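K.L.:
Below is the structure I would like to discuss, written out as structure tokens.
Rendered as structure tokens:
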């Protein structure tokens, strides 16, 4: 079957153009009432509006209408990988989120420290929410567990959360969670859900057996459960599918990890937007494609803080001239999903897209916002097609058929 | 592969929300001339317009652009079942249309009484359009036919039209029509079009052999032809794919049958919109999802009666306050296809959609009509995604991926 990537591989043209993709996490929002404005529409964004006048707008659907996505599928879509085809397991995402350098032979697992009572039943699924420092020490102990034939890595995430990685030949990731999602029962055995994963299940059981001994005197964190047991997905790189040398400039580990997953170089982004733009400028000549991630449009939405999300959008707007001054051939500003402060969560609503390039079919947009994007030239499209727009506007796609 | 229903099954959240889907059959229309208004735009619809102000609009494509659908695929799409995947045979649809309680082992066939001349060739494909009362009596005679190993049901539809159902183990539905679609030739033999259907073909031949004897003296209806030989499709229920307890409030048998096909309870809808709304009100606490079907927007379109279609839309508008007073969490008003009175038939044109819910991205719509729907927040989408919108706005879908 001809997929998007079959096309991009066969049509790819190399040239000197630069593409910048700015992802304002959870950018899309909601008006608080009929006739009202969204966060993006409320924000004073003179720079984004100027870019809109020189570009085109549209609305992106992260996966399918009505489907709310997490960060993983949200970003994969923006990167042009069908999120329904490339499913990233929870364990993998958790590992990416702590900057763990996953390799192709890895199985990654999200662990939760828990409390077992004297009968071996779970009395607290989060081990009394132990302090992060305690979790760090327990992970160090567990990291010493040895299992013949595989390497074992145990890393703390936060409080009772941890990541376990098994590295070895022929490991598959299809093992049921051992977390029973309730108290008063024993943790489940690690059981393969598919035939190829019996070896992984066996390793999980051996690890849990040893962990029970190691943690025996560490109540309330005297055991752990496993969830989201998953392989690093086999995923082609940006270089392979788009012939793009690409770099990620992201402050948060999760987004660095997602970029690394598709083969981007992960640059030192610093801590602020200003740091990120400096990084962009100093690496300008080294790459064809830059992914800049901005987190605070999402976190303020999650907090239900409409005015703060507006402020964070205005902060992003303020930095835009430092990006446009680099004269990217294609500049895209969008989000991986909507996070309306009204809902205090990710949502299914489509996401505003702004694309500026020499050969845009300028659509007369005067400002960047949901209402304007609904009427834009790009129309409403699935996020997985965004990279096609990017490549096309960069002159990096040849003609399909004679 | 991940399908819409794989997603809805895995992401389903149960809650107390109520979803009401009002289907005005053939709602979409055409202006009679450039610059003119459609039937829906011509109608005075203050109540629908008020709902539009509190909701969002869009345009639904029943199957694919340019494809005109019948009631079967039109409704399957609205119910979230890909009409290209779930093909409902003509015989099955015809059986649903007379409220025949099809079971999973049934093969259903649309029959036409016809006239054979002395040489056994068809001289009239509709048996002189015999009166319905005559058809009823002939069907009673045919219903007595006995074939070892299967149950035989013969039911009148109208005039020369009838339904034949064979019930038995292992029957498949892939048998060619025996109707040659022309006069002056003999009816065709019943021949299997796929290997698994030889038994069904044999039963058809035996039935037709006996029918020829039974009807020998009943000219002009001295024989019958068979069309649309089909199995009841294996189709998952609303409860299975959406975790919704659902009910249909439809006056016409065809729509009750389509609802029954996807596992809805079929309620006593009475005869009028007022009856239907009373039924909605009295069953409000028993279901999560209500499908209300309104036929007259289609039949007036088929009649080519523009002003009458306008009147029928206004009748629907007048009843809307009795629906909104129930305070559904999600209210959708749309059609299964367009039936422009200008064309006197179903058409391929996209269909107006109105959705109202708390977490809509209000799009500033002031009225419900084709022009406004083109600019709406929901954009243009395939009908099979409507249920995703419904579930999302009802808070009944969890997040895809972390």
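Protein chains in written order, with the numbering used here: chain A, 1 to 402; chain B, 1001 to 1402.
Cβ atoms here follow ideal geometry from the backbone N, Cα and C, with glycine treated the same way.
None of the values given here were measured: they were computed from a predicted structure.
For a cutoff of 9 Å on Cβ pairs, would you count residue 1375/B as touching chain A?
P.N.:
yes
K.L.:
From what residue to what residue does the beta strand (DSSP E) around residue 274/A run?
P.N.:
That residue, residue 274/A, is in no beta strand (DSSP E); its alpha helix (DSSP H) goes 273-282.
K.L.:
Using a C-beta cutoff of 9 Å, does residue 276/A count as contacting chain B?
P.N.:
no
K.L.:
Quick check: residue 1025/B and residue 1304/B, are their CB atoms within less than 9 Å of each other?
P.N.:
no
K.L.:
Is it the case that the stretch 1085-1093 of chain B contacts the stretch 1103-1120 of chain B, given that we only count it when at least three CB pairs across the two stretches are under 8 Å?
P.N.:
Segments in contact, yes.
K.L.:
Tell me, to the nearest whole angstrom, how far the beta carbon of residue 1116/B is from that of residue 1222/B; I am working on the premise that it is less than 8 Å.
P.N.:
6 Å
K.L.:
Does residue 31/A get closer than 9 Å to chain B when you measure Cβ to Cβ?
P.N.:
yes
K.L.:
Given a limit of 9 Å on CB to CB distance, which residues of the stretch 1043-1056 of chain B reach chain A?
P.N.:
1053, 1054, 1055
K.L.:
Using CA coordinates, which residue listed in 176/A, 133/A, 140/A, 146/A is at the minimum distance from residue 159/A?
P.N.:
133/A
K.L.:
Using a cut-off of 7 Å between C-beta atoms, extract the partners of residue 1289/B located in chain A.
P.N.:
At a beta-carbon threshold of 7 Å, none of the residues of chain A lie near residue 1289/B; the nearest stands roughly 15 Å away.
K.L.:
Taking residue 137/A as part of the alpha helix (DSSP H), name the residues at either end of that continuous run.
P.N.:
Counted as a single uninterrupted DSSP element, the alpha helix (DSSP H) harbouring residue 137/A occupies residues 132-143.
K.L.:
With a threshold of 16 other CB atoms inside 10 Å of the CB of residue 104/A, please say whether the residue is buried or exposed.
P.N.:
It counts as exposed.
K.L.:
In chain A, which residues lie with their C-beta within 8 Å of the C-beta of residue 1015/B?
P.N.:
Simply none; closest approach about 15 Å.
K.L.:
Give the residues of chain A in contact with residue 1400/B, contact being defined as C-beta atoms less than 8 Å apart.
P.N.:
63, 67, 68, 69, 70, 73, 83
K.L.:
Applying a beta-carbon distance threshold of less than 8 Å, which residues of chain B neighbour residue 159/A?
P.N.:
Within 8 Å Cβ-Cβ: nothing; residue 159/A doesn't reach chain B, min ~17 Å.
K.L.:
Counting only beta-carbon separations shorter than 9 Å, does residue 1204/B have a partner in chain A?
P.N.:
no
K.L.:
Counting C-beta neighbours from all protein chains within 10 Å, is the total for residue 362/A 16 or more, i.e. buried, or is it exposed?
P.N.:
exposed
K.L.:
Leaving out the 5 sequence neighbours to the left and right, which residues in its chain are closer than 6 Å to residue 1260/B when beta-carbon positions are compared?
P.N.:
1266
K.L.:
If you scan the stretch 1008-1034 of chain B from start to end, which runs of the beta strand (DSSP E) of 3 or more residues do you find wholly inside it?
P.N.:
1019-1024
K.L.:
Taking C-alpha atoms, which residue in 1277/B, 1358/B, 1350/B, 1369/B lies nearest to residue 1326/B?
P.N.:
A check of alpha carbon separations from residue 1326/B across 1277/B, 1358/B, 1350/B, 1369/B identifies 1277/B as the nearest.
K.L.:
Against residue 1268/B, what residues of chain A qualify as contacts under a CB-to-CB distance less than 8 Å, listed in chain order?
P.N.:
None at all; the shortest Cβ gap to chain A is about 32 Å.
K.L.:
On the three-pair Cβ rule with 8 Å, is the stretch 1199-1215 of chain B touching the stretch 1237-1244 of chain B?
P.N.:
no
K.L.:
Any beta carbon from chain B within less than 9 Å of residue 370/A's own beta carbon?
P.N.:
yes
K.L.:
Locate the alpha helix (DSSP H) running through residue 1242/B, then write down its first and last residues.
P.N.:
Residues 1238-1242.
K.L.:
Classify residue 1396/B as buried or exposed, calling it buried when 16 or more other Cβ atoms lie within 10 Å of its own Cβ.
P.N.:
Residue 1396/B should be labelled buried.
K.L.:
So, helix, strand or coil for residue 1219/B, using DSSP?
P.N.:
coil
K.L.:
Counting only Cβ pairs nearer than 8 Å, list the residues of chain B close to residue 59/A.
P.N.:
1379, listed in chain order.
K.L.:
Are the C-beta of residue 1260/B and some C-beta of chain A separated by less than 9 Å?
P.N.:
no
K.L.:
Are the C-beta of residue 174/A and some C-beta of chain B separated by less than 9 Å?
P.N.:
By this cut-off, residue 174/A is not an interface position.
K.L.:
Name the residues in the stretch 215-232 of chain A whose C-beta lies less than 7 Å from a C-beta of chain B; which are they?
P.N.:
none
K.L.:
Is the CB-CB distance between residue 62/A and residue 56/A below 9 Å?
P.N.:
no
K.L.:
If you measure beta-carbon to beta-carbon, which residues of the stretch 132-165 of chain A are closer than 8 Å to chain B?
P.N.:
none
K.L.:
In the DSSP assignment, find the unbroken beta strand (DSSP E) run with residue 1058/B in it and report its ends.
P.N.:
1055-1061
K.L.:
Determine the extent of the beta strand (DSSP E) in which residue 250/A is found, giving its start and end residues.
P.N.:
246-250
K.L.:
Indicate whether residue 1174/B and residue 1229/B have their beta-carbon atoms separated by less than 9 Å.
P.N.:
Taking 9 Å as the Cβ cut-off, residue 1174/B and residue 1229/B qualify as a contacting pair.
K.L.:
What is the rounded straight-line gap between the Cα of residue 350/A and the Cα of residue 1081/B?
P.N.:
22 Å
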